[in-house]
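Student:
Numbering (my numbering), first residue to last: 44 to 133.
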């Protein structure tokens, strides 16, 4: 049975997609928690040139444009949800 599953690219892709969906759900949960309860998070996202990382608080989530507003000190940045690679506490 193991060999059968190993050679099935649809199974492998489906499994990978499920993992990606779970990761995306967890990241969105962390972003929502930051917004609701003012919990600091670190967001890692991909810019057009490099990978960026910033710690701060989510102060707004725009579902329509799929962006979050991350604020730290006296600065803030809008980040597209599709560009976010990782979110973790702190």
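From the three backbone atoms N, C-alpha and C, an ideal C-beta is built for every residue, glycine too.
Determine the closest residue to residue 121 out of 129, 105, 131, with distance taken between C-alpha atoms.
Tutor: Counted from its first residue, the chain shown places residue 121 at position 78. For the set 129, 105, 131, the Cα lying nearest the Cα of residue 121 is the one of 105.
Student: Taking only runs of the beta strand (DSSP E) that begin and end inside the segment 68–130, which ones reach a length of at least 3 residues, in chain order?
Tutor: 84–89, 94–105, 110–115, 118–123
Student: If we call anything under 8 angstroms between Cβ atoms a contact, is residue 133 one with residue 102?
Tutor: The residue you call residue 133 lines up with position 90 of the chain shown. The residue you call residue 102 lines up with position 59 of the chain shown. It is not a contact, given that the beta carbons lie outside the stated cut-off.
Student: Tell me the DSSP secondary structure of residue 133 in three-state form.
Tutor: Indexing the chain shown from 1 puts residue 133 at position 90. If DSSP states are grouped into helix, strand and coil, residue 133 belongs with coil.
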